[in-house]
Each structure stands twice: as C-alpha cells, then as structure tokens.
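Heads up, the thing below is written out as structure tokens.
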Amino acid sequence: MAPATDTEICREISSREAYEMLCSLRDVNILIHRSPDGDCIGGGYALYHLLKAAGIRSRVCCADPIPPLYHDITEGVEFEDFTPQCRISVDVADRNLFGDLPAADKDAEIVLCIDHHISNTHYAKALHWNPHSSAACEVLFYLMKDCGLPLTRELALCLYIGMATDTGCFQFSNAGAETFDAVAEIKRAYPDLPYARINRDMFVLKSRGRITLDARLMANAQITPDGKIALIYLPHAWMDELEVSREEVDGVANLPMQIKGVEVGISCKQQPDGSYRISLRGGEHADVSEIAQRFGGGGHVKASGCSVTEGAPEAVCKLLIETAAEALRGQAARGQA
Ligand SMILES: [Mn+2]
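For the sequence shown, my numbering begins at 1 and goes up steadily by one.
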C-alpha cells in the first residue's frame, strides 16, 4: 500500500486537465515500466508525439532496452539530448515498477501519471486514469478525443499496439466496447496500417527455442487434482540453453490458461539473482489480483504479478499453489468463483 502522505498529495484529474498540464511542461522524461510491453512503449511514444506536436521536448526512459519486436513504434524517432525539468509516467502502477532507472528519474517527483491499473498507488502528484480501460493507450486515445487532438498515423500505430498488447489481441475480457470503438476509429482513419502483419509478429510467431520451451513447460506443468490451478516453473538455465530472450519469455504467462478447466494460471520464472517473478492469470471467475496482493504484488483481476525474493523452487511453487487454492476457496465462499 502507498504511504498515506503519497495518497494525500495525489490529485485525480480529467483528460482536459491532464492535457493542459502536459502543455505547461518543458523538457520531459517519460518514464515507463521495466520489462517494457506494447502498452507502456506505445503509450510512452504516443506521449512523445503529443508533446512534440505541442512544441515540447521529451524522451521515453526505460530501465530495460525496448525489444526489437516494437520497431514499428520506435523506428524514425530520435530523442534529443536535454536536462529533464520534470517527469511523467505512463502505464506504471507503482514506483517500484520503474526498475533500475537512474535515481534522478526513479526517485524524482512524478508530476503526472497516466494509467489504467486499479492497483495504482497514487505515487504521482496528479493521476489521470481509468481503471476500466483495457490499456494506458486506451486512456490516451480518449484523452486525445476529449481534447480534440488530431490522430496522426504515428499516434494511431502506437495506440493500436498498446491496446492489442494488453488485450491479448482483443481476446481478453478487458477489451470493452470503448476498446473496440477506439480501434474501429483508428482503423477507419488509417485502413492501410499493417494490422495483420503486426498481429502475426506479436501474437502468433515464436522462435524455435520458444516453441521447445513451451512444450517443456507444459509437459512439466503442476495441476491441482480439481484441475482449477495450473503452475509452470521456468528455471533460469532453460533460457540460455534454449536461447530464448527475456521478452520472448514474457508470453509464457498465458500458457497455463490454455488448459481446459484451469481458473488460475501461474507462471513462476526464476531470475538470475535467484528470486522469482510470478505472473498470474484468471479464468472466467477467479480474481487473481487478490493472490498477487498476498505476495506484495498487484495488477488486474484477470492478470496480475508479484515477486518472491527467496526460497527453494519447490517450496515457492507449493506456496503459490496453496495460496491460489485458498484464495479460490474464499472467492467461492463469497459467491465470486
Ligand atoms: Mn497496460
């Protein structure tokens, strides 16, 4: 939970207020989360284009390199060199998700956060958010619409990729009517963007190493006797052995949910330092954010994450499954699951 002082000073603001604030800024660092995905990259670059159109210098800052998969967004953009006067963040629910950014960025005051996570800890001075939006890019799309800002080709591409990413190519339950409306508008305005090619690149194609990894993870999946909880465990050594990159591995979180009957899908990835990154996915009824919160993490009802710093792999996996089972029992008792 955020300290009380943090929440006290965070002001929730409308799209118009947010845009007015953006226009009052100079030399902006746009901070996005570690292990960047299509939503924070698309949102970060969309903000860069919006600020540029308003005559304001900015650049996207991330603790980890932007994966080449997102070259459609990044190509042709050259950030200028400048001393930042302020920081904003996009798609970042909490400060600790900045990762290893320079201290000057990650400990600095964040003047504005644009987000869609229900778990946002109100760490910024001002927050423009919609926890019902599928993606930060959806929040940005409607900010632009509310303010009558022109949807350029670059912006359309950034926002499409952000919404496609966070909805699993529009298949998750978070894809709402507003999401489809936004995408319809984007597609109507730019019918010739390479939507199908992007979807195939991002959601279908896998390297041969990743295919082998998936098979191995699934063959070793731990499934509870009632079939409702499935866990896959990824030892760090497998990534080097199969030559699979970190960003390729991000997608394995969705694997357990391919198994029929599974309500909670857990992926536990061992990190080089021996800690574990855990991703949780929920089926039709389960609320996995509750499970993530028990480990100090958070996220959405159907997609959450947390970290475990120590413990033997077997013990950590066992604890994860037990905690998920307990949460499911509780939710069933309350008539949720
Ligand atoms: Mn997002």
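C-beta: ideal position from N, C-alpha, C; glycine also. The model shown is predicted, which means the values in this text are computed figures rather than measured ones.
Measure the beta-carbon distance from residue i to residue j and round it to whole angstroms, keeping in mind my assumption that it falls under 8 Å.
| i | j | result |
| --- | --- | --- |
| residue 45 | residue 77 | 7 Å |
| residue 302 | residue 288 | 7 Å |
| residue 124 | residue 112 | 6 Å |
| residue 136 | residue 43 | 4 Å |
Measure the C-alpha to C-alpha separation of residue i and residue j and round it to an integer number of angstroms.
| i | j | result |
| --- | --- | --- |
| residue 336 | residue 72 | 41 Å |
| residue 248 | residue 210 | 7 Å |
| residue 30 | residue 214 | 34 Å |
| residue 220 | residue 239 | 16 Å |
| residue 155 | residue 148 | 14 Å |
| residue 3 | residue 103 | Note that residue 3 scores 46 on pLDDT, short of 50, meaning its location in the model is unreliable and no value can be drawn from it. |
| residue 283 | residue 329 | 15 Å |
| residue 128 | residue 13 | 5 Å |
| residue 40 | residue 325 | 32 Å |
| residue 90 | residue 115 | 6 Å |
| residue 207 | residue 24 | 45 Å |
| residue 173 | residue 51 | 32 Å |
| residue 5 | residue 298 | Confidence in residue 5 is poor, its pLDDT being 48 and thus under 50, which makes the residue's placement unreliable; the coordinate value appears in the next sentence. Cα to Cα, the separation comes out at about 20 Å. |
| residue 179 | residue 138 | 7 Å |
| residue 20 | residue 26 | 13 Å |
| residue 308 | residue 164 | 29 Å |
| residue 318 | residue 279 | 15 Å |
| residue 271 | residue 189 | 43 Å |
| residue 310 | residue 277 | 11 Å |
| residue 225 | residue 193 | 47 Å |
| residue 260 | residue 36 | 30 Å |
So does residue i have its beta carbon nearer than 7 Å to some heavy atom of ligand 2?
| i | result |
| --- | --- |
| residue 94 | No copy of ligand 2 occurs in the structure displayed; its ligands are ligand 1 alone. |
Legend entry - Within the region 35-109, ranges of the alpha helix (DSSP H) (whole runs, at least 4 residues): The qualifying runs are 38-53, 71-74 and 103-106.
Legend entry - Any 3 or more C-beta pairs closer than 8 Å across the region 63-70 and the region 24-38: Flag = yes, the region 63-70 and the region 24-38 touch.
Legend entry - Validate contact between the region 221-237 and the region 191-201 using beta carbons, cut 8 Å, 3 pairs: Segments in contact, no.
Inset, instruction - Within the region 195-267, note down every full beta strand (DSSP E) run reaching 3 residues or more, in order along the chain. - result: Fully enclosed beta strand (DSSP E) runs of 3 or longer: 229-234.
Inset, instruction - Report the residue ranges of all alpha helix (DSSP H) runs contained in full by the region 118-168; include only those spanning at least 4 residues, in chain order. - result: Correct list: 136-146 and 153-166.
Legend entry - Completely contained beta strand (DSSP E) runs for the region 267-321, where each covers 3 or more residues: For the region 267-321, whole beta strand (DSSP E) runs of length 3 or above, ordered along the chain, are 276-282 and 303-308.
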